[in-house]
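Structure record follows, encoded as structure tokens.
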Amino acid sequence: MKIIIVGCGKVGSTLAEQLDKEGHDIVVVDKKSAALKKVTDSLDVMGVIGSGTSHRTLLEAGIETADLLISVTGSDELNLLCCLIARKTSRCHTIARVRNPQYNEEIEFIKEGLGLSMTINPELETAVEIERLIRLPSAIKVETFAKGKVELLKLHIPEHSVLDGMKISELSDTLRCKVLVCVVERGNNVYIPSGGFELSSNDLISIIASPQNAIDFVHKSRILVNDIKNIMIVGGSTIAEYLALRLADSNINLKIIEQNLERCEELSELLPDAIIINANAADRDVLIEEGIEDIDAFASLTNLDEENIILSLYAKKHSKAKIFTKITRLTYEDIISEMPLGIIINPKFITTDSILQHVRAMQNCGGSGIEALYRIVSNKVEALEFYAGKNAKLLGIPLEALSLKPNTLVCCINRNGEITIPTGKDYILEGDTVIIVTTNKGLYDLNDILL
Amino acid sequence: MNKSIIFYIIGWILNIEAALMIFPAICALIYGEKSGFAFLITIAACLLIGLPLSLRKPKSRIFFAKEGYITVALCWMSLSIMGALPFFISGQIPNYIDALFEIISGFTTTGSSILTDVEAMDYGMLLWRSLTHWIGGMGVLVFLLAIIPMSGGESIHFMRAESPGPSVEKLVPRIRATALLLYKIYLGMTLLQIVLLLIGGMPLFDALTITFGTAGTGGFAIKNTGIADYTRYQQTVITIFMFLFGINFNVYYLLLLRKFKDAFKSEELKWYVSIVAASIFLISLNTGGPKGFFAAIHPAAFQVSSIITTTGFATVDFNYWPTFSKVILVILMFIGACAGSTGGGMKVSRIVILIKTVRHEVSSLMHKRSVRVLKIDGKKIENETIRSIHVFFVAYILIFAASLLIVSLDNQDFTTSFTAVAATLNNIGPGLETVGPMGNFSAFSNLTKTVLMFDMLAGRLEIFPMLALINLVKSKIMSHKITLTR
Chain A
1 MKIIIVGCGK
11 VGSTLAEQLD
21 KEGHDIVVVD
31 KKSAALKKVT
41 DSLDVMGVIG
51 SGTSHRTLLE
61 AGIETADLLI
71 SVTGSDELNL
81 LCCLIARKTS
91 RCHTIARVRN
101 PQYNEEIEFI
111 KEGLGLSMTI
121 NPELETAVEI
131 ERLIRLPSAI
141 KVETFAKGKV
151 ELLKLHIPEH
161 SVLDGMKISE
171 LSDTLRCKVL
181 VCVVERGNNV
191 YIPSGGFELS
201 SNDLISIIAS
211 PQNAIDFVHK
221 SRILVNDIKN
231 IMIVGGSTIA
241 EYLALRLADS
251 NINLKIIEQN
261 LERCEELSEL
271 LPDAIIINAN
281 AADRDVLIEE
291 GIEDIDAFAS
301 LTNLDEENII
311 LSLYAKKHSK
321 AKIFTKITRL
331 TYEDIISEMP
341 LGIIINPKFI
351 TTDSILQHVR
361 AMQNCGGSGI
371 EALYRIVSNK
381 VEALEFYAGK
391 NAKLLGIPLE
401 ALSLKPNTLV
411 CCINRNGEIT
421 IPTGKDYILE
431 GDTVIIVTTN
441 KGLYDLNDIL
451 L
Chain B
1 MNKSIIFYII
11 GWILNIEAAL
21 MIFPAICALI
31 YGEKSGFAFL
41 ITIAACLLIG
51 LPLSLRKPKS
61 RIFFAKEGYI
71 TVALCWMSLS
81 IMGALPFFIS
91 GQIPNYIDAL
101 FEIISGFTTT
111 GSSILTDVEA
121 MDYGMLLWRS
131 LTHWIGGMGV
141 LVFLLAIIPM
151 SGGESIHFMR
161 AESPGPSVEK
171 LVPRIRATAL
181 LLYKIYLGMT
191 LLQIVLLLIG
201 GMPLFDALTI
211 TFGTAGTGGF
221 AIKNTGIADY
231 TRYQQTVITI
241 FMFLFGINFN
251 VYYLLLLRKF
261 KDAFKSEELK
271 WYVSIVAASI
281 FLISLNTGGP
291 KGFFAAIHPA
301 AFQVSSIITT
311 TGFATVDFNY
321 WPTFSKVILV
331 ILMFIGACAG
341 STGGGMKVSR
351 IVILIKTVRH
361 EVSSLMHKRS
371 VRVLKIDGKK
381 IENETIRSIH
391 VFFVAYILIF
401 AASLLIVSLD
411 NQDFTTSFTA
421 VAATLNNIGP
431 GLETVGPMGN
441 FSAFSNLTKT
451 VLMFDMLAGR
461 LEIFPMLALI
471 NLVKSKIMSH
481 KITLTR
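Here the protein sequences line up with chains A and B, keeping their order.
The first sequence stops at residue 451 when you use the UniProt record's numbering, and every number in between is there.
The second sequence stops at residue 486 when you use the UniProt record's numbering, and every number in between is there.
What follows is the structure, given as structure tokens:
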């Protein structure tokens, strides 16, 4: 596809990088030549200097022949206007980043009125992600496939668990629930396990199952951590606001610590059930006073990465809470991942991932391309959902008769909404979506999994 | 520095050279020339070095502008070193320095020759000489980018380092597609010229070699008289195509897309056309006088488009022109063709921007607080671009002066020395006096020839790759010295 990306900040350039790898023709548009140069120097994409809201600039970028325009500049209005102009010029699809909560309330109307294919709100997406993890507290990470019918959970096996020493092949019989362990991380090693693989405590396992089976598994294997009842959020940002609103109907006690008095009043008006504290969280007495020792979840969502890191480290030390740390600039990912910061939340990555999924789904009107992609272990293992189109070479052949690439696992077959965790006798038919877990890079088509 | 990728690319370049040499080898076979064996030997040598280098996968494919410059400079040098071998092995040019001069002149599309009698050369050799013009015109690395898929966007550094012009832009998002597109346009125009020349009754061999010389804006002729013996129609075709190959290829791309308005909006194109028209007018007036004005237009037009595009063909010996006309030609030598064309020189767009900065500087002297943004084609010129043009200009003059100083050791007259450097640094070919259109460079010493060879490479690659290479060699020697003293 030919894709125009307007705005090459972090999100824009990450999108360009990933979409370029997936074989699309990319044109990036930005006002600043320096930002543009950085992208065009390292990626095989074309740059156009100019404003995305200028008709002439868009023509220069080739809007007339483009299939998709993604507008991810810092300004909502600019993004919307850019998409509108693009829509009026050509028949391309448009995606806009819109983050203002006020627009968000009327987003369906805006989408329809401006003919947008998708809008994305980074703060809202982030809040949804945190919410999902709060509702399923045992999981370190939850991803969804097949429109939510299949979940991919990352779990930590505690000491003295029933799973300790259990073989993968015994798993479903012993626990009587259908799950598939697709990745095991032990120390620095990553395994895609076979049936004879023995689990042990302190492993990080990734399982694929339907949501009901996933909950069953967590209960039966007693990985279950107590439900989260008390949450402390530091930083009354928009993410905190969305999160609080989404959790409002549950029985969770919410405490938000925010420095700015005006913002506190705003939040208090919006969230009558939450406790809003006007204080500086960097003051450690405040956290102790507000009972950091007794909370079940702690989220540091201030605008400063450094402050979030310190707060989370502090919370880790003084409580047993599940910790969420918002980090926007992930430059030193390798160092950060070694710190006990709990779950790292990066709004920009979340935004990029959502857009990528949409683009992949858009592309698959005939081929056997990617529907969804998640990185299970950063840059080592990926879980991909493929659509099996007419051109797939493995249709109707039992899986055991296929010669797959090494370290590739067919985890799940979704046939018209019916989920199967496949055995060697199962086969793939046209129209199925298939979830593959693999350490191989550069799989862009279902046929790529074959040797 | 990523050495493995540099050697990998050089390996590929040598393989390509071996492939290209098949054409002159076939030509030699058709004419039954013994010198054809020299090509076979060279092909074997190229593959012997090239294949092992290109088969070894580079350890890392990540590289930056530095590697881009160094690779381009080294590639052009290795191309020339291997490319000179057929002349030398066959004994057609017995001195290796001379052979090297001739082939560098070919690849850099200069067209300066050390041959006193071109017609004595074998056909295979003549074809190889002209073919290097065609390849050198658009660039070998661009050719490589068009045929082998390079992952990642870093290969833009190769294109930037090799393609002429102050800022290199892609035509389409993918580098490979851009390179392919450039070569398609190039090939299309080349074929068109060959057909037009054949219609005009030119023998096939002449049509091929002359077209290669025109397309690459090179200028190797295959007759001692240059282009003078061809018919008026054939000369006119050559005139028009020299002019066309001196235009930025972006324009042709826009024409292909039927964006006529955008295509002719280019400020550089307007300047280029105006300069050509004005020069033809002035020279016709000067050489023909009011009476012979119309008769003088034809040779004047040929010579102007030959010199401004830095081709260097000649139909007349302009040594005998009045001084005013000769000075116009020398000025045209420095201006050169448009950026993004196959021509050499400083490029019209650089000159336009330089003039604009001068005008800007004068106006800010008058109005201290005036703020003015320099624009070309209605777009702001980035400060970085302006700075690099200034630096380019200074480096250009310094290299010119240094070369002139060394060349003057040969004790030729001033015009000869001056225009010899101008003709090689700007990739034109002939200068004035001894090195004029009917003369050649054989009279110079080996030292001068070496300096001129450097000038040709520096001129074609727009100076910076060669300077980057010198800088690298210097720092290597320095660090070597330090380890020795320890």
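Note that beta-carbon positions come from the ideal geometry of N, C-alpha and C, so glycine has one too.
All values derive from a computational prediction rather than experimental measurement.
Measuring only the C-alpha atoms, how far is A:His-318 from A:Asp-273? Here residue 318 of chain A is taken as the residue at index 318 of the first sequence, counted from 1. Here residue 273 of chain A is taken as the residue at index 273 of the first sequence, counted from 1. Straight across, the Cα-Cα distance linking A:His-318 with A:Asp-273 is about 26 Å.
Residue of A:Asp-445, A:Val-218, A:Ala-96 and A:Glu-198 minimising C-alpha distance to A:Arg-135: The count along the first sequence starts at 1 and reaches residue 135 of chain A at position 135. Here the closest residue by C-alpha is A:Val-218.
Is there contact between the segment 62-80 of chain B and the segment 98-109 of chain B, where contact requires at least three CB pairs shorter than 8 Å? Between the segment 62-80 of chain B and the segment 98-109 of chain B, the count of C-beta pairs closer than 8 Å reaches three or more; the two stretches touch.
Relative to the C-alpha of A:Val-359, which candidate in A:Cys-92, A:Val-128 and A:Ala-86 has its C-alpha closest? Locating residue 359 of chain A in the first sequence gives position 359, where the first residue counts as 1. Of the candidates A:Cys-92, A:Val-128 and A:Ala-86, A:Cys-92 places its Cα closest to the Cα of A:Val-359.
Report yes if the CB atom of A:Val-39 is closer than 7 Å to the CB atom of A:Ala-16, and no otherwise. Here the question's residue 39 of chain A lines up with position 39 in the first sequence. Here the question's residue 16 of chain A lines up with position 16 in the first sequence. In this structure, A:Ala-16 lies closer than 7 Å to A:Val-39 by Cβ.
With DSSP as the reference, please indicate the residues paired to A:Glu-185 in a beta bridge. Reading the first sequence from its first residue, position 185 is the one you call residue 185 of chain A. For A:Glu-185, which the question treats as bridged, DSSP gives the partners A:Val-190 and A:Leu-204.
Would a check of beta-carbon distances place B:Ile-175 closer than 7 Å to chain A? The count along the second sequence starts at 1 and reaches residue 175 of chain B at position 175. Output row for B:Ile-175: interface = yes.
Please report the residue range of the alpha helix (DSSP H) in which B:Ile-81 lies. The residue you call residue 81 of chain B lines up with position 81 of the second sequence. It spans 65-83 - the alpha helix (DSSP H) in which B:Ile-81 sits, taken as one unbroken run.
Grouping DSSP H, G and I as helix and E and B as strand, with all else coil, what is A:Gly-366? Here residue 366 of chain A corresponds to residue number 366 of the first sequence, with the count starting at 1. Because the pLDDT of A:Gly-366 is 49, which lies under 50, any placement of that residue in the model is unreliable, and the question is left without a value.
Per DSSP, the bridge partner or partners of A:Thr-408: In the first sequence, residue 408 of chain A corresponds to position 408, counting from 1. Paired residue(s): A:Thr-438.
According to DSSP, is B:Ile-353 helix, strand or coil? On the second sequence, residue 353 of chain B is found 353 positions in, with the first residue counted as 1. Taken through DSSP and simplified to helix, strand or coil, B:Ile-353 comes out as helix.
Within chain A, partners of B:Ile-9 - CB distance below 8 Å: Indexing the second sequence from 1 puts residue 9 of chain B at position 9. Correct list: empty, because the minimum Cβ distance to chain A is about 16 Å.
Identify the contact partners of B:Ile-5 in chain A, using a Cβ-Cβ distance below 7 Å as the criterion. The residue you call residue 5 of chain B lines up with position 5 of the second sequence. Going along chain A, no residue has its Cβ under 7 Å from B:Ile-5, so there is no contact; the nearest lies around 15 Å.
Along chain A, in chain order, which residues have C-beta atoms closer than 7 Å to that of B:Lys-170? Position 170 of the second sequence, counted from the first residue, corresponds to residue 170 of chain B. Chain order gives the chain A residues near B:Lys-170 as Met-46, where near means a beta carbon separation below 7 Å.
A:Leu-78: which of A:Arg-99, A:Glu-60 and A:Ser-90 sits nearest, CA to CA? Working through the first sequence from its first residue, we reach residue 78 of chain A at position 78. A:Arg-99 is the residue among A:Arg-99, A:Glu-60 and A:Ser-90 whose C-alpha sits nearest the C-alpha of A:Leu-78.
Assign B:Leu-447 to one of two classes, buried (16 or more other C-beta atoms within 10 Å of its C-beta) or exposed (fewer than that). As a working note, residue 447 of chain B is residue 447 in the second sequence. Result: exposed.
In the DSSP output, which residue or residues are listed as bridge partners for A:Leu-155? Translated into the one-based positions of the first sequence, residue 155 of chain A becomes position 155. Answer by DSSP bridge pairing, in chain order: A:Ala-139 and A:Ile-205.
Neighbouring residues, chain B, relative to A:Asp-25 (Cβ below 9 Å): As a position in the first sequence, residue 25 of chain A is number 25, starting the count at 1. Contacts between A:Asp-25 and chain B, judged by CB atoms closer than 9 Å, involve Val-172, Pro-173, Arg-174 and Ala-177 in chain order.
What residue ranges within the segment 227-307 of chain A form continuous alpha helix (DSSP H) runs of no fewer than 4 residues, ordered along the chain? Taking only runs of at least 4 residues, the alpha helix (DSSP H) segments lying wholly in the segment 227-307 of chain A are 238-247, 261-270 and 284-289.
Given a threshold of 16 other Cβ atoms within 10 Å of its Cβ, counted over all protein chains shown, does A:Gly-366 qualify as buried or as exposed? In the first sequence, residue 366 of chain A corresponds to position 366, counting from 1. Because the pLDDT at A:Gly-366 is just 49, under 50, the model does not fix this residue reliably, and the value given afterwards should be weighed accordingly. Note on A:Gly-366: under 16 other CB atoms within 10 angstroms of its CB, so exposed under the neighbour-count rule.
Quick one: residues in its chain with C-beta nearer than 7 Å to the C-beta of B:Met-138, no 5 flanking neighbours on either side, listed in chain order? Along the second sequence, one-based indexing puts residue 138 of chain B at 138. Cβ within range, chain order: Leu-182, Tyr-183, Tyr-186 and Thr-342.
Can you tell me where the alpha helix (DSSP H) with A:Leu-77 in it begins and where it stops? Taking the first residue of the first sequence as 1, we reach residue 77 of chain A at position 77. Position check: residue 77 of chain A holds Glu in this sequence, whereas Leu was assumed. Residues 76-89.
Given this structure, state the Cα-to-Cα distance separating B:Leu-484 from B:Leu-74, to the nearest angstrom. Reading the second sequence from its first residue, position 484 is the one you call residue 484 of chain B. Reading the second sequence from its first residue, position 74 is the one you call residue 74 of chain B. Using only the alpha carbons, I get a separation of about 26 Å.
Under 8 Å: do the segment 236-244 of chain B and the segment 300-310 of chain B share three or more Cβ pairs, one atom per stretch? Judged by pairs of C-beta atoms under 8 Å, the segment 236-244 of chain B touches the segment 300-310 of chain B, as three or more such pairs exist.
Taking 7 Å as the threshold (beta carbon to beta carbon), is A:Ser-33 in contact with chain B? Counting from 1 along the first sequence, the entry for residue 33 of chain A is found at position 33. Taking 7 Å as the threshold, the shortest C-beta distance from A:Ser-33 to chain B falls below it.
Can you tell me whether DSSP reads A:Phe-386 as helix, strand or coil? Taking the first residue of the first sequence as position 1, residue 386 of chain A is located at position 386. Here A:Phe-386 sits in strand by DSSP.
Check each candidate in A:Ser-250, A:Phe-324, A:Ala-248 and A:Ser-33 and name the one with the smallest Cα separation from A:Asn-308. Taking the first sequence and counting its residues from 1, the one referred to as residue 308 of chain A is at position 308. Shortest Cα-Cα distance from A:Asn-308 to any of A:Ser-250, A:Phe-324, A:Ala-248 and A:Ser-33 involves A:Phe-324.
Tell me whether B:Arg-174 sits in a helix, a strand or coil according to DSSP, three-state version. Counting from one through the second sequence, the residue named residue 174 of chain B turns up at place 174. Coil.
Do the CB positions of B:Pro-24 and B:Phe-37 come within less than 7 Å of each other? Your numbering for residue 24 of chain B matches position 24 in the second sequence. Your numbering for residue 37 of chain B matches position 37 in the second sequence. Cβ distance not < 7 Å, so B:Pro-24 and B:Phe-37 don't count as in contact.
May I ask which residues mark the beginning and end of the beta strand (DSSP E) holding A:Leu-68? For this step, residue 68 of chain A is matched to residue 68 along the first sequence. A:Leu-68 -> beta strand (DSSP E) spans 68-71.
Measuring only between beta-carbons, confirm whether B:Glu-382 sits less than 7 Å from chain A. Within the second sequence, numbered from 1, the residue matching residue 382 of chain B stands at position 382. Interface residue, yes.
For A:Glu-106, the three-state DSSP class (helix, strand or coil): On the first sequence, residue 106 of chain A is found 106 positions in, with the first residue counted as 1. Under the three-state reduction of DSSP output, A:Glu-106 falls in the coil class, being neither helix nor strand.
Straight-line CA distance for B:Ser-370 to B:Thr-357? Walking along the second sequence from the start, residue 370 of chain B turns up at place 370. Walking along the second sequence from the start, residue 357 of chain B turns up at place 357. Approximately 14 Å between the Cα atoms of the pair.
Given that A:Ser-117 touches chain B, what residues does it touch there, using C-beta distances under 9 Å? The residue labelled residue 117 of chain A in the question sits at position 117 within the first sequence. For A:Ser-117, there are no neighbours in chain B by C-beta distance under 9 Å, as the nearest C-beta there is about 21 Å away.
How would you list, in chain order, the residues of chain A whose beta-carbon sits under 8 Å from the beta-carbon of B:Ile-156? As a first step, residue 156 of chain B must be located in the second sequence, where it is residue number 156. Chain A residues near B:Ile-156: Thr-40, Asp-41 and Asp-44.
If we call anything under 7 Å between Cβ atoms a contact, is A:Thr-126 one with A:Ile-345? Residue numbering aside, residue 126 of chain A sits at position 126 when the first sequence is read from its first letter. Residue numbering aside, residue 345 of chain A sits at position 345 when the first sequence is read from its first letter. Yes, they are a contact pair.
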